[in-house]
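One structure is given below, encoded as structure tokens.
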Amino acid sequence: MKKILFTGGGSGGHVTLNLSLIPIFLEKNWEVIYIGSKNGIEKDLIAKIPQVKYYAIETGKLRRYFSWENFKDAIHIPLGILQAIRIIHKEKPDIIFSKGGFVSFPVVLAGYLNRCPKIFMHESDVTPGLANKMSLPFVDTFFTTFPDTQNFVSNPQKVQYVGPVLSSRLDNGDAELGRNMCFFNKDKPVIMFVGGSLGAKSINHAVIKNLEELLEKYQVIHICGKGQTSQARCEGYAPFEFVDKEFADLMALADVVISRSGSNAIFELLSQKKPMLLIPLPSTSSRGEQSLNAQSFQKQGFAEILNDEDVDKDLVAAVDMVYAHREQYIANMEAAKWKHTSNQDLFAKITK
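According to this note's numbering, the sequence shown is numbered sequentially starting from 7.
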């Protein structure tokens, strides 16, 4: 039986693609193992797939700036590399597939040192994360979502542009099921706030602060993130900590979606032709990749951008603008020619 090792974690964006690919490998009778962190989101998500053997290793955050925490993490990273070397020597995978995040670099390096036959890596954003940049010399192929990513790496010959890898999870959403779930009527349009797998505190705060004014014109779906619901459900307002299979029905109901601008999220919105108001993570919380993603979509006429620091005071006006011009955003998305691939197609590229 052939064996594949997946790695990636720290946030939902570093796990989602792996979760989509794993069932395909299992269906094709591959043995699947996963190396992640001890306390990351990936551990809980992979635990829901009993056929996958999970190994946890030490991880340390990779920072581009000075921090005293770097000295502490300087111990964890080498330890994680040694643990990964031992696991990969024991398991002897035929393929390693990395989705990035702090845990991935020790695994990719350990795979290279153990002479794993094939090592693949995937990047969702325009610019590669630091873990992926460090891993690049040790991988065979680097799959990218944006064609411009090759301009930000030192080994462009390893880059294979595949476009976003889209699942079919939103394709069969039923707006009426979503309406019933939210107890909404048909008299007002519906806007949907999505903060990502970990929530978005600034967006959540702005929604609650502006809720009374928003409800004068719209019905509001608010996906807050785990443990971040602070406002009770009321007429026209439906808060959720997290949704899984119901997400497709809620998405089908939404006229406008307000979201962070992680690549996975915005390409799913594009695939559903949903007008977008994008609120990128501020530069203090990221390397700026979400701003680049959002600028790319704004330039193509798919979305508008609202800066995180302006979200409290400008939210309602920005939502109004996107809603008023929603037909133009939809027309731009329908006319656009953009490359994408399916989970099955990526499986074929990995295993050929």
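The C-beta atom is built at its ideal place from N, Cα and C for all residues, glycine as well.
Q | Close Cβ partners of residue 16 (< 6 Å) along its chain, the five nearest in sequence each way excluded | A | 46, 107, 108
Q.
Could you compute how far the alpha carbon of residue 244 sits from the alpha carbon of residue 162?
A. 46 Å
Q. What do you get for residue 117, buried or exposed, if any count of 16 or more other CB atoms within 10 angstroms of its CB means buried?
A. buried
Q.
At the level of alpha carbons, what is the spacing between residue 59 and residue 18?
A. 19 Å
Q.
Can you give me the C-alpha to C-alpha distance between residue 297 and residue 7, rounded to a whole angstrom?
A. 43 Å
Q: Report yes if the C-beta distance between residue 194 and residue 242 is below 8 Å; otherwise report no.
A: yes
Q | Beta-carbon proximity of residue 282 to residue 253, cut-off 8 Å | A | no
Q) What are the residues that DSSP puts in a beta bridge with residue 128? A) 149
Q: Using three-state DSSP, classify residue 282 as helix, strand or coil.
A: strand
Q | According to DSSP, residues forming a beta bridge with residue 310 | A | 283
Q | Beta-bridge pairing of residue 9 - partner residues as DSSP gives them | A | 37
(Q) Pairs of beta-carbons, one from the stretch 168 to 177 and one from the stretch 142 to 152, closer than 8 Å: are there three or more? (A) yes
Q: If I'm right that residue 105 touches residue 24 with Cβ under 8 Å, what's the distance once you round it to whole angstroms?
A: 5 Å
Q: Starting from residue 347, follow its DSSP beta bridges and name the residues at the other end.
A: 171
Q) So what's residue 230 in DSSP terms, helix, strand or just coil? A) coil
Q) With a cut-off of 8 Å, do at least 3 Cβ pairs link the stretch 87 to 99 to the stretch 324 to 341? A) no
Q.
residue 356 and residue 312 - do their beta-carbons sit closer together than 8 Å?
A. no
(Q) Taking only three categories from DSSP, how would you classify residue 188? (A) helix
Q. Going straight from the alpha carbon of residue 122 to that of residue 165, what length do you get?
A. 19 Å
Q.
As a quick exercise: from 54, 114, 221, pick the residue whose alpha carbon is nearest that of residue 63.
A. 114
Q) Starting from residue 162 and walking both ways along the beta strand (DSSP E), at which residues does that stretch end? A) Element bounds for residue 162: n/a, residue is neither H nor E.
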